[in-house]
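**Q** Counting along the sequence shown from 1, when you hit position 1 you're at 1 in the UniProt record's numbering, and nothing is skipped either side.
Even glycine gets a Cβ: it sits at the ideal position worked out from N, Cα and C.
Bear in mind the structure is a predicted one, so any value in this text is a computation, not a measurement.
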Amino acid sequence: MCYFKDILIASKSKRIIFMAVSNIKKQQAKLEKLNDKIKQERKKIDQRLGHEIIKDAELDYSNLDQGTIKELASKFVTYINENSNDKQTNDYVTNQSNEQGTKFNQPQG
Numbered sequence: 001m002c003y004f005k006d007i008l009i010a011s012k013s014k015r016i017i018f019m020a021v022s023n024i025k026k027q028q029a030k031l032e033k034l035n036d037k038i039k040q041e042r043k044k045i046d047q048r049l050g051h052e053i054i055k056d057a058e059l060d061y062s063n064l065d066q067g068t069i070k071e072l073a074s075k076f077v078t079y080i081n082e083n084s085n086d087k088q089t090n091d092y093v094t095n096q097s098n099e100q101g102t103k104f105n106q107p108q109g
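1) Look at the alpha carbon of K33 and the alpha carbon of R42, and state the distance between them as a whole number of angstroms.
2) Counting only the same chain and skipping the five closest in sequence on each side, list residues whose C-beta sits under 8 Å from that of K70.
3) Roughly how many angstroms lie between the CA atoms of R48 and Q27, to the nearest whole one?
4) Buried or exposed: which applies to K12, given that a residue is buried once 16 or more other Cβ atoms fall within 10 Å of its Cβ?
5) In three-state terms, what does DSSP make of E82?
6) With DSSP as the reference, label A57 as helix, strand or coil.
Structural data, given as structure tokens:
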């Protein structure tokens, strides 16, 4: 009797393991599908951003070789970083002056 009980338990364990593996495979397939979707969306954004920059800068496609593209990308990144740093500096200065203004205006107690 104990032997059959062991077989039943082993059978149930195998079924549970099989179900767990099956669920993991399903989740993995969903994750791979989601990762593919993310890659596709990134590619779309890259293409749209590049297209908008080329269009707005009125660049001639015939003049855009790999070297020119890298040079323009580098200039664009430098411009973005400089403006981002300027904004952060301005925000910091504004916050500092606001904090000092509030400290100055607080009633003495």
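**A** Short version:
1) Your numbering for residue 33 matches position 33 in the sequence shown. Your numbering for residue 42 matches position 42 in the sequence shown. Looking at the two C-alpha atoms, the distance is approximately 14 Å.
2) The residue given as residue 70 occupies position 70 in the sequence shown. Nothing meets the Cβ criterion.
3) Counting from one through the sequence shown, the residue named residue 48 turns up at place 48. Counting from one through the sequence shown, the residue named residue 27 turns up at place 27. So the two alpha carbons sit approximately 31 Å from each other.
4) Sequence index remark: in the sequence shown, residue 12 carries index 12 (1-based). Classification for K12: exposed.
5) In the sequence shown, residue 82 corresponds to position 82, counting from 1. DSSP, read as helix, strand or coil, puts E82 in helix.
6) If you number the sequence shown from 1, residue 57 lands on position 57. Residue state, collapsed to three classes: coil.
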